[in-house]
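Q: Please find one structure pasted underneath; my questions will follow.
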Amino acid sequence: MSGLTKEQLHRFKRMLNQRQNELIAQLKNRYGLEVSQTDAIGELSSYDNHPADLGTELFERSKDVALREHKERELEEINKALHAIHEGTYGICKVCSMNIPYERLVSNPTADMCIEHAENDAANNDDRPVEEEIMNPSFKDLDTAIDEESFYDREDAWQDVSRYGTSNTASDLYGDHASYNEMYENRGERIGSADDIELYSDE
Numbered sequence: 001m002s003g004l005t006k007e008q009l010h011r012f013k014r015m016l017n018q019r020q021n022e023l024i025a026q027l028k029n030r031y032g033l034e035v036s037q038t039d040a041i042g043e044l045s046s047y048d049n050h051p052a053d054l055g056t057e058l059f060e061r062s063k064d065v066a067l068r069e070h071k072e073r074e075l076e077e078i079n080k081a082l083h084a085i086h087e088g089t090y091g092i093c094k095v096c097s098m099n100i101p102y103e104r105l106v107s108n109p110t111a112d113m114c115i116e117h118a119e120n121d122a123a124n125n126d127d128r129p130v131e132e133e134i135m136n137p138s139f140k141d142l143d144t145a146i147d148e149e150s151f152y153d154r155e156d157a158w159q160d161v162s163r164y165g166t167s168n169t170a171s172d173l174y175g176d177h178a179s180y181n182e183m184y185e186n187r188g189e190r191i192g193s194a195d196d197i198e199l200y201s202d203e
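Each residue of the sequence shown is one higher than the one before, starting from 1 at the first, in our numbering.
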């Protein structure tokens, strides 16, 4: 049973209802997201624009999306708190079933856990993008391998693409070179082998 008095519960319910009405009114505005970005900026097409020309508009759009999601999440928490008041479980930690201190509820009326369990929940919350679940491991774990071992790492990947040209010019590199094809770092390094003998085929 909650340790709050009827007056305290009534106060929290009034605070939550007031904030709920504010959020509903703000979400009705939709932050202008019902209008397409093309219509919002007055451009007939963005294909002929450099991406940097729309940098400010993209930032503002992303900010509006984030604000809307934050308001929706806050409204969901308020609805849960109001439901808890109706069920008589408001002010009780959902983990340990102990009373949540009154001072904590004053600062955060939607709190459903005591401070100890709330901190543990935040520490264990690994909110990462879902795309990372299918990402392949990078080359970073291969950097600690033995120097004599030969494998395709990120340095080899860079060499593969740098031979087609980089933003460097002849003035950025030193030494004499017969052609621009030789003007990339570690151009003389073996690729695909640790020793010369490994380059010979046994076929």
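Don't be surprised by glycine CBs; every beta carbon is placed ideally from N, CA and C.
Can you tell me which of the three DSSP states Ile-78 falls into?
A: Translated into the one-based positions of the sequence shown, residue 78 becomes position 78. DSSP places Ile-78 in helix when its eight states are reduced to three.
Q: Check this for me: beta carbons of Ala-157 and Thr-110, under 8 Å apart or not?
A: Stepping through the sequence shown from its first residue, residue 157 is reached at position 157. Stepping through the sequence shown from its first residue, residue 110 is reached at position 110. Against a cut-off of 8 Å, the Cβ pair of Thr-110 and Ala-157 comes out as no contact.
Q: Comparing C-alpha positions only, which one of Ser-107, Gln-20 and Phe-12 sits nearest to Glu-74?
A: For this step, residue 74 is matched to residue 74 along the sequence shown. Of the listed residues, the one whose Cα sits closest to Glu-74 is Gln-20.
Q: Would you list the one or two residues that DSSP bridges to Ile-92?
A: Your numbering for residue 92 matches position 92 in the sequence shown. DSSP lists Asn-99 as partners of Ile-92.
Q: Quick one: any contact between the region 83–99 and the region 9–18, if contact means 3 or more CB pairs under 8 Å?
A: yes
Q: Would you kindly work out how many angstroms separate the C-alpha atoms of Ala-25 and Lys-63, rounded to a whole number?
A: Position 25 of the sequence shown, counting from 1, holds the residue named residue 25. Position 63 of the sequence shown, counting from 1, holds the residue named residue 63. So the alpha carbons of these two residues sit roughly 19 Å apart.
Q: Could you give the distance in angstroms between the alpha-carbon of Asn-79 and the alpha-carbon of Val-95?
A: For the purposes of this step, residue 79 is taken as residue 79 along the sequence shown, with counting starting at 1. For the purposes of this step, residue 95 is taken as residue 95 along the sequence shown, with counting starting at 1. One C-alpha to the other measures close to 19 Å.
Q: Under the three-state reduction of DSSP, which class applies to Asp-153: helix, strand or coil?
A: Here residue 153 refers to the residue found at position 153 when the sequence shown is read from its first residue. It is coil, neither helix nor strand.
Q: For Thr-56, name the three-state secondary structure that DSSP assigns.
A: As a working mapping, residue 56 is identified with position 56 in the sequence shown. Helix.
Q: Whose C-beta lies closer than 8 Å to the C-beta of Met-113 among residues of the same chain, with five residues either side of it excluded?
A: In the sequence shown, counting from the first residue as 1, residue 113 sits at position 113. The residues are Cys-93, Lys-94, Val-95, Ile-100 and Asp-121.
Q: In chain order, what residues of the same chain lie with their CB nearer than 7 Å to the CB of Ile-115, ignoring the 5 residues before and after it?
A: Taking the first residue of the sequence shown as position 1, residue 115 is located at position 115. Here Ile-115 has Arg-104 as same chain residues with Cβ atoms under 7 Å from its own Cβ, once five neighbours each way along the sequence are excluded.
Q: Give me the Cα-Cα distance between Glu-22 and Val-130, rounded to the nearest whole angstrom.
A: In the sequence shown, counting from the first residue as 1, residue 22 sits at position 22. In the sequence shown, counting from the first residue as 1, residue 130 sits at position 130. Their Cα atoms are separated by approximately 32 Å.
Q: According to DSSP, is Ser-107 helix, strand or coil?
A: Within the sequence shown, the letter at position 107 stands for residue 107. If DSSP states are grouped into helix, strand and coil, Ser-107 belongs with the helices.
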